[in-house]
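S.K.: Under the working numbering, the first residue of the sequence shown carries the number 16, and numbering increases by one thereafter. Got a structure for you, written out below as structure tokens; questions coming shortly.
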Amino acid sequence: MDSFAKEQGKYNVGDDCPVFDGLFEFCGISAGGSMEGAARLNRGKCDIAINWAGGLHHAKKSEASGFCYVNDIVLGIIELLRFKKRVLYIDIDVHHGDGVEEAFYTTDRVMTVSFHKYGEYFPGTGELRDIGVGQGKNYAVNFPLRDGIDDVTYKSIFEPVIQSVMDYYQPEAIVLQCGGDSLSGDRLGCFNLSMRGHANCVQFVKSFNKPTLVLGGGGYTMRNVARTWAFETGVLVGKEMDPVLPYNEYYEYYGPDYELDVRASNMENANSKDYLEKIKIQVIENLKRTAHAPSVQMQDVPRTTLAGTTDEDDAIMDDLDDDENPDTRHTQHRNDKRVARDDEFDESDDEEGNRANGAFPQSGQPRQRNHTYSDVDMNSGVATPEIQSDREIKAPTPVTEANAQVNAELLEQKVQDESMVEATELGPSNAPSPAHTPKVAPADNDGDVDMTDSAEVETTVAAQPPSPTASIAPEASANVAVNNEAVAANAATIPETSVPEPEVVAKKEEGETERQASEVAGEAVTEVAQKSES
16 MDSFAKEQGK YNVGDDCPVF DGLFEFCGIS AGGSMEGAAR LNRGKCDIAI NWAGGLHHAK
76 KSEASGFCYV NDIVLGIIEL LRFKKRVLYI DIDVHHGDGV EEAFYTTDRV MTVSFHKYGE
136 YFPGTGELRD IGVGQGKNYA VNFPLRDGID DVTYKSIFEP VIQSVMDYYQ PEAIVLQCGG
196 DSLSGDRLGC FNLSMRGHAN CVQFVKSFNK PTLVLGGGGY TMRNVARTWA FETGVLVGKE
256 MDPVLPYNEY YEYYGPDYEL DVRASNMENA NSKDYLEKIK IQVIENLKRT AHAPSVQMQD
316 VPRTTLAGTT DEDDAIMDDL DDDENPDTRH TQHRNDKRVA RDDEFDESDD EEGNRANGAF
376 PQSGQPRQRN HTYSDVDMNS GVATPEIQSD REIKAPTPVT EANAQVNAEL LEQKVQDESM
436 VEATELGPSN APSPAHTPKV APADNDGDVD MTDSAEVETT VAAQPPSPTA SIAPEASANV
496 AVNNEAVAAN AATIPETSVP EPEVVAKKEE GETERQASEV AGEAVTEVAQ KSES
């Protein structure tokens with residue numbers, strides 16, 4: 016624990032509020048009991064709720080204090096305020112209830128009334144002039160007392176003050192803290208109240224017939240605290256308890272007197288009548304300055320309590336589990352079915368999140384996105400090539416027989432011009448130039464145009480003298496024939512529709528392949544002609 020000393024100091028843990036085994040369970044029982052008692056009062060399940068493990072009135076919002084770790088009183092009052100407009104808190108502990116007063120110091124929905132020892136005494140707060148601030152001004156009532164106050168004196172100040180508070184404030188619920196350290200003979204207390212004098216305060220508060228939450232508190236002489244709270248439980252439930260204890264197996268623990276009683280001692284009372292009268296008059300004057308029964312705007316309150324599920328919810332769950340064997344342990348798979356995992360989402364989670372953020376799906380065509388290639392220079396201007404969609408492809412112009420004939424004539428004229436240029440470069444020739452009649456070159460066994468075996472080529476070259484014009488003419492006629500066939504093939508594959516279908520595109524690619532093959536054949540014929548000339 017030494018390594019956490021700095022952290023403990025931030026929350027005032029370590030000296031008066033040490034860390035012990037079972038601290039969390041203790042705080043849960045104390046705070047949970049007060050919250051559940053307040054919830055039962057709200058639902059009308061009872062008129063009086065008792066939690067003797069509560070009443071830890073020194074704890075603050077962010078620190079422990081005076082043996083108090085969690086202020087269950089504040090939590091219980093907050094639960095009551097969900098249904099009640101005004102709540103009265105009464106503290107008869109010997110110490111000032113500083114934690115509760117601090118929590119509601121600025122509001123008029125909770126009036127805090129504390130009767131306590133004031134002076135050089137823990138926690139050092141609770142002066143008469145501490146009456147609240149803002150809207151809570153005059154709604155904090157402090158009655159500082161001196162040592163040795165007895166039953167008669169305590170009754171003379173308690174009942175008039177509480178009666179005035181009930182008349183002016185008219186609370187809808189009461190929270191009573193019954194600290195046992197105001198009893199006579201307490202190890203840390205300095206009052207001289209008997210058990211019946213202490214219980215008289217409980218009886219007087221009960222007489223107003225308001226929903227009441229009764230809590231424990233301080234008390235450091237255990238046998239006196241146990242007797243007093245047992246007797247006050249009987250007072251709250253309307254049962255008069257016999258002071259003679261019945262014999263039982265724990266009888267020896269009730270010695271030495273073996274009676275249900277805590278007697279006052281001969282301690283001197285330092286509270287004079289004049290002093291108490293002045294304090295009482297000032298307190299009542301402050302109460303007169305408050306608004307009579309201050310109201311507050313109430314709204315519909317959720318049925319679920321801050322403490323957890325209600326009795327009705329528990330009963331429903333019990334009915335659902337009646338058919339199950341309590342001795343049979345559930346499998347992990349069965350338990351997982353009842354738990355929604357954080358890493359799993361429904362299909363509609365993303366859509367609901369988008370709608371919540373104002374994002375809605377847009378109708379129409381999907382947006383085109385640019386694709387970046389890592390191997391292309393980003394500054395070259397070609398890093399984001401545009402993808403051409405199908406709807407942007409323009410249909411080619413339909414090819415007819417007239418267009419095919421025009422293309423053939425243009426190609427023939429181009430070949431003739433090239434032949435004339437080559438003839439001029441080679442020089443004049445005495446041989447008559449043959450007529451330029453387009454002839455279809457025969458195909459060999461492999462399907463190649465104007466391709467023969469090597470032996471036949473050599474024989475032809477030896478039998479016929481070389482002639483530039485004659486060598487060019489077969490080449491030109493072969494090219495014209497091949498191009499005409501390619502144009503005819505393309506004309507046959509192009510459909511008459513304006514938009515190409517997938518089958519049309521495939522046929523177009525097939526025709527392109529055939530055209531490339533014919534061009535390769537023409538290049539081969541040219542090479543043969545050049546060899547023959549050489």
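Every residue, glycine too, gets a C-beta built ideally from N, C-alpha and C.
#1: Do you know how far the Cα of Arg55 is from the Cα of Lys254?
#2: Closest by CA to His131, which one among Ser547, Leu291 and Ala532?
#3: Just verifying my parser: in three-state terms, what is the DSSP assignment at Met282?
#4: Give the DSSP bridge partners of Phe158, in chain order.
#5: Do you know offhand how far Lys295's Cα is from Asp113's?
#6: Measure how close the beta-carbons of Gly147 and Ser129 come, nearest whole angstrom, since I'm counting them as under 8 Å.
#7: Within the same chain, show all residues whose beta-carbon is closer than 7 Å to that of Ala74, passing over the 5 residues directly before and after it, in chain order.
#8: Between Pro226, Val220, Gly200 and Asn153, which has its C-alpha nearest Lys303's C-alpha?
#9: Note down the Cα distance separating Arg242 from Thr346, rounded to an integer number of angstroms.
#10: Where do the N-terminal and C-terminal ends of the beta strand (DSSP E) with Val3 fall, by residue?
#11: When the Cα of Leu251 is compared with those of Tyr268, Cys32, Phe219 and Tyr265, which residue comes out closest?
#12: Just list the alpha helix (DSSP H) runs in the stretch 25-55, keeping only unbroken ones of 4 residues or longer that don't cross its boundaries, in chain order.
#13: When you compare only the Cα positions, how much space is there between Ala46 and Gly52?
#14: Taking just the CA atoms, how far does Gln531 sit from Lys409?
#15: Can you list, in chain order, the residues of its chain whose CB lies under 6 Å from that of Tyr269, leaving out five sequence neighbours each side?
#16: Using three-state DSSP, classify Lys21 as helix, strand or coil.
#17: Can you look up Leu95 in the DSSP assignment and give me helix, strand or coil?
#18: Just tell me which of Glu538, Lys99, Phe39 and Gly163 has its CA closest to the CA of Arg58.
#19: Since Thr127 and Val156 should fall inside the 8 Å C-beta cutoff, what is the C-beta to C-beta distance between them, to a whole number of angstroms?
#20: Measure the CB-CB distance between Leu103 and Pro186 and report whether it falls below 7 Å.
#21: How long is the line joining the alpha carbons of Phe206 and Trp67, rounded to whole angstroms?
#22: Between the Cα of Asp165 and the Cα atoms of Pro309, Glu424, Asn286 and Val34, which residue gives the shortest distance?
#23: Using the three-state DSSP reduction, which class does Val535 fall into: helix, strand or coil?
#24: Starting from Cys83, follow its DSSP beta bridges and name the residues at the other end.
#25: From Asn215, Leu230 and Thr236, pick the residue whose C-alpha is nearest to that of Gly204; which is it?
#26: Measure how close the beta-carbons of Glu70 and Gly194 come, nearest whole angstrom, since I'm counting them as under 8 Å.
#27: Rounded to whole angstroms, what's the CA-CA distance from Gly37 to Gly139? Just pull it up for me.
#28: Drop a sphere of 10 angstroms on the beta-carbon of Glu247, count the other beta-carbons inside from all chains shown, and report buried for 16 or more, exposed for fewer.
#29: Can you say whether Asp257 is buried or exposed, counting buried as having 16 or more other CB atoms within 10 angstroms of its CB?
#30: Would you report the Cα separation of Leu198 and Pro33, rounded to the nearest angstrom?
#31: In terms of residue numbering, what span does the alpha helix (DSSP H) encompassing Ile118 cover?
#32: Where does Asp468 fall in DSSP's three states?
#33: Note down the Cα distance separating Leu90 from Gly43, rounded to an integer number of angstroms.
#34: What are the boundary residues of the alpha helix (DSSP H) that Asn301 is part of?
#35: From the DSSP output, in three-state form, read off Glu264 for me.
#36: I need the DSSP call for Ala64, collapsed to helix, strand or coil.
M.R.: In short, the structure shows the following:
#1: 22 Å
#2: Closest option to His131, Cα to Cα, is Leu291.
#3: Met282 falls in the coil class under three-state DSSP.
#4: Phe130
#5: Annotation: Lys295 to Asp113 spans about 20 Å, alpha carbon to alpha carbon.
#6: That pair is no contact at about 12 Å.
#7: Ser80, Cys83, Tyr84, Val85, Asn86 and Gly114
#8: Asn153
#9: If you draw a straight line from the Cα of Arg242 to the Cα of Thr346, it is about 48 Å long.
#10: What the structure shows of the chain is the stretch from 16 to 549, and residue 3 is not part of that stretch, so it cannot be assessed.
#11: Phe219
#12: Counting only runs of at least 4 residues, the stretch 25-55 fully encloses no alpha helix (DSSP H) element at all.
#13: 10 Å
#14: Residue placement at Lys409 cannot be trusted, given a pLDDT of 49 that sits under 50; what the coordinates show is reported in the next sentence. Each residue's alpha carbon lies about 23 Å from the other.
#15: Leu260
#16: helix
#17: Assignment of Leu95 by DSSP, reduced to helix, strand and coil, places it in the helix class.
#18: Lys99
#19: For Thr127 against Val156, the beta-carbon gap comes to about 7 Å, under 8 Å, which counts as contact.
#20: yes
#21: 21 Å
#22: Asn286
#23: helix
#24: Ser80
#25: Thr236
#26: Residue 70 is actually Gly in this sequence, not Glu. Contact flag correct, Cβ pair sits at about 6 Å.
#27: Taking the CA atoms as reference points, Gly37 sits about 30 Å from Gly139.
#28: Here Glu247 is buried. Its C-beta has 16 or more other C-beta atoms within 10 Å.
#29: exposed
#30: 25 Å
#31: Inspection of the sequence shows that residue 118 is occupied by Ala rather than by Ile. Here the alpha helix (DSSP H) through Ala118 covers Asp113 to Ala118.
#32: Only weak support is given to the placement of Asp468: the predicted model assigns it a pLDDT of 49, under 50, and the question is left unresolved by the model.
#33: 12 Å
#34: Here the alpha helix (DSSP H) through Asn301 covers Lys288 to Lys303.
#35: Glu264 falls in the coil class under three-state DSSP.
#36: strand
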